[in-house]
Each structure stands twice: as structure tokens, then as C-alpha cells.
Ligand code: A3P
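In C-alpha cells form, the structure reads like this:
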């Protein structure tokens, strides 16, 4: 039954090798796989493999919910929030799976699963499925064949995304001396060379779509959620079609969900202090996904001049869109 055997990944690798390669820097600024430019987006060779696999085999369902984000924009938090919101009546909150599972184990990252031969997971999740992606809307829209699918998008001040990314790559590669300098990360980021960059296109794509179809695309900002998590938890539940009942609100369920998903709670759980996530980038410790969880940490790592230059680049791209950093 040779026709049933999965396509060898070499086939994708030959195609992937034809896409332009990232600029060369002596020390790494990616996780372990280099970036290639695919349809105007910088994507690691590994995740590109997943995207090409998806093109052959992915089927969306009308009830699907996609969590989309640029890496380091609040994916882990939103995975927890979405998963907890949808499953809040399936378990007593004190015994919720988030106490024993990292949010990334609860919501699969589609292109990574497809890249690593684990795509069957997507077939067996009961509907409504929640899956995450780092693809910009221009790529994701190729996969969503049903206009009923919902998308939750989260973005964040790109300056904090850059700082968060720099720390994350250091943790994965084993220290600051193992990776490019912050100045190099900054210069590449300003050119849009980072995971799923440029970030301005990423944000604008979902922003425009959320204006066209607000009932299907929820556009959230990390800093706004931090300011009022309860309000956003309610908005999320309403958007996903499972609004909180009056009784739930009176019982403080919204606050309990927010508390369960807070960085303070999640960071202190054994599963997130000790556990590892096996990836083809090697094991990634669950702890790496939780650092400060604050707004404005860029102030400790960037000069005012650097901040202004990045703001100006993005401000120019956002011009006329109604979006502001
Ligand atoms: P910092 O490095 O600025 O602290 P992602 O989940 O997309 O990889 O983003 C990681 C960022 O989100 C990190 O930011 C991390 O600390 C923060 N984060 C993780 N879990 C969070 C939570 N429950 N609440 C708020 N922020 C969270």
C-alpha cells in the first residue's frame, strides 16, 4: 500500500531549499532551524515543512477555533484562557487539566504538529477544535475553507515581543553567549527578519480581517488584556459562543478562570517548573514560556533611540489603518 505511506519530508526539503535563506549572522538568532522567505514571510525550515504538509492534508471544520499570534505575543496565555473557557464545565476548576498540563499540551500548534508527523492529533480532537498557528492571515486563509471558523488573534507591543524573543532564544540555546547580540536581534527585527516576520504585516493582516468580519475574527492586544483580564475573559467566551451565564458571573467563575490562567498561577505549577516539551528543536522546558508577563520590559533593554526608530518603522506601516502600538 505504498500510496498510504506519508510523503517523505525530503520532497518538501527540496522545495524549501529553493526559498531565499535568511542573512548570515555568526551566532544564532533563530531557535535551531534557519529561516526561509516564503510568500513574503520569514519562517523556520521546520515549520515550513509543516505548512507544506498542511497544504496536502489539512481539512478545516466549520466549528474550528484558531488561535493566531506572532511568537512571543501571548500565545501561552491565550491557549490557557481559550482552553479553560471552553472546558470550564467539564471539570471542577480545582481539578482542571491546566493544573497538570502545560497550555501547549492542551492546544496543539498546527504547523509544528504537521512538521513532526503528529498531525493525527488534529483529527481526533473533538469539535470544537482549538488549534494554534503563527501563520499570518495571508497564509492561514489558504487553509480555512469554511467561513464559519473563528479566529482569535493576539498581538503585543513589538518592542516587548523582541525582548521576549531574545530571552527565549537564549534559554533554548543555553545562554546569552550562545546567541546573537541584542543589537543584532534588533537590526534583524527592524528588517522584518524574525519568526513569522515582518510583524507589522502579521498584525495588519488580522486587523483588516477583524474589521471585515468582527463576528469571526477577534482581535486582542496583550497589554489590554493585562489591564482588564476579566472583561477580556467575558469577551472571549462570548466570541467563542459559550458566554458566561449570570449564575457563573455571580459565582465568580470568570475571576477563577482568570486566576487559573494567570502567569503567577501557571508559573508555579510543577508541570510548568519541571516539565519538558519534546520538539524537533530538542526538548523545550515548559518554564521557558513564562518569564515576566509584563508590559514595557523593553525599557530595560532598549535605548530611547532604538525604541523610537522601531516605533517609527511600524508607525509608518500602520499609517491609515487606525492601529497604534
Ligand atoms: P515575557 O518574555 O515578556 O515575560 P508566547 O506565549 O507567545 O510565547 O509569549 C511569551 C510571553 O508571554 C512571555 O513574555 C511570557 O512571560 C508571557 N506569558 C506567558 N504566560 C502568561 C500568562 N499566563 N499571562 C501573561 N503573560 C504570560
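Residue numbers (the UniProt record's numbering): 23 to 347. Positions of the beta carbon are idealized from the N, C-alpha and C atoms, including for glycine. Quantities reported herein were computed from a predicted structural model and do not represent experimental measurements.
Contact check, residue 154 vs residue 129, beta carbons under 7 Å: Here residue 154 is taken as the residue at index 132 of the chain shown, counted from 1. Here residue 129 is taken as the residue at index 107 of the chain shown, counted from 1. Contact: yes.
What ranges does the alpha helix (DSSP H) occupy inside the segment 278 to 319, keeping only unbroken runs of at least 4 residues that lie completely in it? 285 to 290, 292 to 296
Going straight from the alpha carbon of residue 336 to that of residue 203, what length do you get? What you label residue 336 is simply residue 314 of the chain shown in a count that begins at 1. What you label residue 203 is simply residue 181 of the chain shown in a count that begins at 1. When rounded, the distance between both Cα atoms is 22 Å.
Among 88, 343, 45, 123, nearest to residue 298 - alpha-carbon criterion: Along the chain shown, read from residue 1 onward, the residue named residue 298 stands at position 276. That would be 123, whose Cα lies nearest to the Cα of residue 298.
I need the straight-line Cα distance from residue 252 to residue 47, nearest angstrom please. If you number the chain shown from 1, residue 252 lands on position 230. If you number the chain shown from 1, residue 47 lands on position 25. Near 43 Å, if we compare the C-alpha coordinates of residue 47 and residue 252.
Report yes or no: do three or more beta-carbon pairs, one from the segment 90 to 97 and one from the segment 62 to 76, lie closer than 8 Å? no
CB residue 255 to CB residue 279, shorter than 7 Å? In the chain shown, residue 255 corresponds to position 233, counting from 1. In the chain shown, residue 279 corresponds to position 257, counting from 1. Yes.
Consider the C-beta atom of residue 149 and the heavy atoms of ligand 1; say whether any pair is separated by less than 6 Å. Working through the chain shown from its first residue, we reach residue 149 at position 127. False, no ligand heavy atom lies under 6 Å from that Cβ.
Under 7 Å between C-beta atoms of residue 329 and residue 181: Mapped onto the chain shown, residue 329 falls at position 307. Mapped onto the chain shown, residue 181 falls at position 159. Result yes, Cβ atoms of residue 329 and residue 181 sit closer than 7 Å.
Proximity below 7 Å, CB of residue 218 to CB of residue 310: Within the chain shown, residue 218 is the residue found at index 196, counting from 1. Within the chain shown, residue 310 is the residue found at index 288, counting from 1. Not closer than 7 Å, so no.
Under 6 Å: does the beta carbon of residue 35 sit that close to some heavy atom of ligand 1? Counting from 1 along the chain shown, the entry for residue 35 is found at position 13. No, Cβ of residue 35 sits at least 6 Å from all heavy atoms of ligand 1.
At a cut-off of 6 Å, would you count residue 313 as near ligand 1, judging by its Cβ distance to the nearest heavy atom? For the purposes of this step, residue 313 is taken as the residue at position 291 of the chain shown. True, at least one ligand heavy atom lies under 6 Å from that Cβ.
Hey, would you say the C-beta of residue 99 is under 6 Å away from at least one heavy atom of ligand 1? Here residue 99 is taken as the residue at index 77 of the chain shown, counted from 1. Yes, the beta carbon of residue 99 sits closer than 6 Å to at least one heavy atom of ligand 1.
How is the alpha helix (DSSP H) around residue 134 delimited, first residue to last? Here the question's residue 134 lines up with position 112 in the chain shown. Start and end: 132 to 137.
Proximity to residue 295 [Cα-Cα], best of 86, 178, 125: Locating residue 295 in the chain shown gives position 273, where the first residue counts as 1. The shortest Cα separation from residue 295 among 86, 178, 125 belongs to 125.
Which residues does DSSP list as the beta-bridge partners of residue 352? With the chain running from 23 to 347 in the structure shown, residue 352 is simply not present.
Considering only the alpha carbon of each residue, which of 55, 33, 206 lies closest to residue 43? Mapped onto the chain shown, residue 43 falls at position 21. Closest option to residue 43, Cα to Cα, is 55.
How big is the Cα-Cα spacing for residue 136 and residue 145? Here residue 136 refers to the residue found at position 114 when the chain shown is read from its first residue. Here residue 145 refers to the residue found at position 123 when the chain shown is read from its first residue. Between residue 136 and residue 145, the C-alpha separation is close to 11 Å.
For residue 183, three-class secondary structure by DSSP: What you label residue 183 is simply residue 161 of the chain shown in a count that begins at 1. If DSSP states are grouped into helix, strand and coil, residue 183 belongs with the helices.
Return yes when the Cβ of residue 176 is within less than 7 Å of the Cβ of residue 88, no when it is not. Start at 1 with the first residue of the chain shown, and residue 88 comes out as number 66. Start at 1 with the first residue of the chain shown, and residue 176 comes out as number 154. Cβ atoms of residue 88 and residue 176: not closer than 7 Å.
Output the boundary residues of the alpha helix (DSSP H) element that contains residue 253. Position 231 of the chain shown holds residue 253. Note, residue 253: alpha helix (DSSP H), 251 to 261.
Kindly indicate the opening and closing residues of the beta strand (DSSP E) around residue 239. Taking the first residue of the chain shown as position 1, residue 239 is located at position 217. Start and end: 239 to 243.
If I measure Cβ to Cβ from residue 343 and keep anything under 8 Å in the same chain, skipping five residues before and after, which residues do I get? Your numbering for residue 343 matches position 321 in the chain shown. Excluding sequence neighbours, residue 343 sits near 226, 229, 230.
So, for residue 190: in the same chain, excluding its five sequence neighbours on each side, which residues have a beta-carbon less than 7 Å away from its beta-carbon? If you number the chain shown from 1, residue 190 lands on position 168. Correct list, in chain order: 94, 310.
Take residue 188 and list the residues in its own chain whose beta-carbon comes closer than 7 Å to its own, dropping the five residues that flank it on each side. Taking the chain shown and counting its residues from 1, one reaches residue 188 at position 166. These residues qualify, in order along the chain: 204, 207.
Going by DSSP, what residue range makes up the beta strand (DSSP E) through residue 59? Position 37 of the chain shown holds residue 59. Unbroken beta strand (DSSP E) run through residue 59: 57 to 60.
Taking the continuous alpha helix (DSSP H) assigned at residue 160, which residues delimit it? Position 138 of the chain shown, counting from 1, holds the residue named residue 160. Residues 159 to 162.
Taking 6 Å as the line, does the beta carbon of residue 197 fall inside it for any heavy atom of ligand 1? For this step, residue 197 is matched to residue 175 along the chain shown. Because no heavy atom of ligand 1 lies under 6 Å away, the Cβ of residue 197 does not count as near it: no.
Confirm, please, whether the CB-CB distance from residue 315 to residue 285 is below 7 Å. As a working note, residue 285 is residue 263 in the chain shown. As a working note, residue 315 is residue 293 in the chain shown. Closer than 7 Å, so yes.
Between 33, 172, 34, 50, which lies nearest to residue 197 when the distance is taken from Cα to Cα? As a working note, residue 197 is residue 175 in the chain shown. Considering only alpha carbons, the answer is 50.
Residue of 239, 85, 289 minimising C-alpha distance to residue 151: Your numbering for residue 151 matches position 129 in the chain shown. The shortest Cα separation from residue 151 among 239, 85, 289 belongs to 85.
Just to confirm my understanding: we take residue 248, look at its own chain, exclude 5 residues before and 5 after, and list those with CB closer than 7 Å. What are they? Position 226 of the chain shown, counting from 1, holds the residue named residue 248. Closer than 7 Å at the Cβ level, and outside the excluded window around residue 248, lie 317.
Could you tell me the alpha carbon to alpha carbon distance between residue 234 and residue 241, rounded to whole angstroms? The residue labelled residue 234 in the question sits at position 212 within the chain shown. The residue labelled residue 241 in the question sits at position 219 within the chain shown. Cα to Cα, residue 234 sits roughly 12 Å from residue 241.
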